[in-house]
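Just below is one structure, and these are the notes that go with it.
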Amino acid sequence: MISPRKRSEERAARADALASAGAPKSMSMTTTTTYAVAGMTCGHCEMSVQEEVGELEGVLEVSADHATGQVTVTSAEPLDRAAVAAAVEEAGYTLT
Ligand SMILES: [Cu+2]
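Read in the numbering used here, the sequence shown has 302 at position 32, and its numbers run on one by one without any break.
The following block contains the structure:
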């Protein structure tokens, strides 16, 4: 298993690669998807979801908001919804 630290280094490297390509933001080849997640009640819940979803291959950025019950994920390529659901469940919550 790859450590979370290694994962974040990989993500940083990928983000750097995208940035150095010099593409305007509107042209960048990333996908942002918002998912509804049930069960988050505080900042710790948000952190848990962000950690698990952030470990998925290709994920560049994860933003969870317990108030809205939404998780917004930016990835290099469209994600497999089942993989996102599994990660959210790993954190203890449910994709709805
Ligand atoms: Cu919580």
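Quick reminder that beta carbons are idealized off the backbone N, C-alpha and C, glycines included.
Determine, using beta carbons only, whether residue i and residue j come nearer to each other than 9 Å.
{"i": "S345", "j": "T302", "result": "yes"}
{"i": "Y363", "j": "V329", "result": "no"}
{"i": "R315", "j": "G309", "result": "Going by the sequence as given, residue 315 is Cys instead of Arg. Yes, the pair counts as a contact, with Cβ atoms nearer than the cut-off."}
{"i": "A352", "j": "S318", "result": "no"}
{"i": "V358", "j": "L349", "result": "no"}
For residue i, which residues does DSSP report across the bridge?
{"i": "L365", "result": "V307"}
{"i": "S345", "result": "T301, V329"}
Can you tell me whether residue i is helix, strand or coil according to DSSP?
{"i": "A293", "result": "At A293, the pLDDT of 49 sits below 50, so the modelled position is not reliable and the matter cannot be decided from this model."}
{"i": "A337", "result": "coil"}
{"i": "C312", "result": "coil"}
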